[in-house]
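**Q** The structure under discussion is supplied below as structure tokens; questions concerning it will follow.
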Amino acid sequence: MKDSRPTPLDPLEPGPEIHATVIDNILVRDFIATPPWAKGLELFLILLLGVAFTLFLALRLSLVGLPALLIASATGLVLGSAALLGSQGVFASPLLPLLSIAGVVVPLSSLRYWDAEREIRVRTDRLVRTQDAIIQSMTSLAMTRHSETGGHIQRTRHYVKALADRLKAHPRFRDALDDNTIDLLFRLAPLHDIGKIAMRDHVLLKPGPLTAEEYEEMKEHAALGAEAFLRAERIVGNDSFLRLAGELALTHQERWDGTGYPKGLAKEEIPLSGRLMAVADVYDAITHSRVYQDAVSHETAVEIMKQGRGTHFDPDILDAFLELHDEFRAIAARYEREES
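Taking our numbering, the leading residue of the sequence shown gets -14, the next gets one more, and so forth.
Right, dumping it as structure tokens:
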């Protein structure tokens, strides 16, 4: 009497009861049967569900509703099989129809997913190429106003990337400087001086020091550049590309101590993009001749930059510059060779 066996219907069924049930079924001829039509029903369900799910996945633009349909189909097959067995003693397995659903859903869902991923990659690549074309066009437009601007914007983009790469592991900056942001900074850095397009020639190209009035006019280039991107963002909606471009244009002349322009922002009020650009912009400005000043040597420039730590520049960003200033010199030398 201690003979107990697990069964599909009970985790612990007495062996004698199992034996008695089998003998009783034989005596009264109450057998579980699988007649030919039950096999036909299984085949019909396999074909019906296979075609139904194929059409569902092929025609729907979204996979929303698929989980509910899968649950409903599986529940219907199991309950229907149980009802047929309980009322007619006929066993029609729900397993093969369920396998047919899996055989359709898994590969077709995977194909839909891969196709959607491919489409996203294509659209993203097209968007990036469009953005780069816009950047290149606007950069070329800036270069027509001043020949030095072209070299300046190419060098400063590499300076910014070098700084960002060095700082991305820094506790203050690692949450803000991921690889995508650094790539976007590199691509957008050439647009930081785009507002100078609006400057009059006698101010932009003046060979000597600017008067107080002319300097005030020159300072407007930061706000003018930012306003152009702000207008574009109002049209297309919230966009990280345009927002970051506007930040670079607006804040690259701000100073850590709050004495910069156009808004007089100080310390963390200045976006990180503007603080990075400030270091790159000043280094390039003092190491290359302009219509209003002669260039200084790299060594002199480093000493000048040191004096701006905590006043003009974010101290941690300036420290990063001092750690890799030789890389700045190499970038400048590379572009000088290309331009010669």
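Note that the Cβ used here is the ideal one computed from N, Cα and C, for glycine as well. Remember, it's a predicted structure, so these values are computed and weren't measured experimentally.
So, are the CB atoms of PHE214 and LEU195 less than 8 Å apart?
**A** Contact: no.
**Q** For PRO20, which option in ASP(-5), LEU62, GLY74 has the closest C-alpha, if you only look at C-alpha atoms?
**A** Cα-wise, what sits closest to PRO20 is GLY74.
**Q** Closer than 7 Å by C-beta to GLU27: which residues in its own chain qualify, once you throw out the five before and the five after it? Chain order, please.
**A** Contacts found: ALA77, SER78, LEU81, PRO82.
**Q** For PHE16, would you say it is in contact with chain C, using Cβ-to-Cβ distances shorter than 8 Å as the test?
**A** The structure shown contains no chain C; it holds only a single protein chain.
**Q** Pull up the distance between the alpha-carbon of LEU189 and that of ILE138, whole angstroms please.
**A** Roughly 16 Å separates the two Cα atoms.
**Q** Ignore the nearest five residues each way along the sequence and tell me which others in PHE16's own chain have a CB closer than 8 Å to its CB.
**A** Answer for PHE16: ASN10, GLY74, listed in chain order.
**Q** Assign ARG260 to one of three DSSP states: helix, strand, or coil.
**A** Correct three-state label for ARG260: helix.
**Q** Put LEU(-3) into one of helix, strand or coil per three-state DSSP.
**A** Three-state DSSP puts LEU(-3) in a strand.
**Q** Is PHE298 near TRP241, with beta carbons less than 8 Å apart?
**A** In this structure, TRP241 lies closer than 8 Å to PHE298 by Cβ.
**Q** Would DSSP call SER(-11) helix, strand or coil?
**A** SER(-11): strand per DSSP, three-state reduction.
**Q** Taking only runs of the beta strand (DSSP E) that begin and end inside the stretch 17 to 74, which ones reach a length of at least 3 residues, in chain order?
**A** DSSP runs (the beta strand (DSSP E)) wholly in the stretch 17 to 74: none.
**Q** Roughly how many whole angstroms lie between the Cα atoms of LYS248 and ALA230?
**A** Each residue's Cα considered, the two are about 17 Å apart.
**Q** Please name the residue, chosen from ARG140, ARG111, ASP110, that lies closest to THR124 on a Cα-to-Cα basis.
**A** The shortest Cα separation from THR124 among ARG140, ARG111, ASP110 belongs to ARG140.
**Q** Is the Cβ-Cβ distance between ALA208 and LEU233 less than 8 Å?
**A** Against a cut-off of 8 Å, the Cβ pair of LEU233 and ALA208 comes out as no contact.
**Q** Distance, Cα to Cα, ALA5 vs PRO(-1)?
**A** Going from the Cα of ALA5 to the Cα of PRO(-1) covers about 10 Å.
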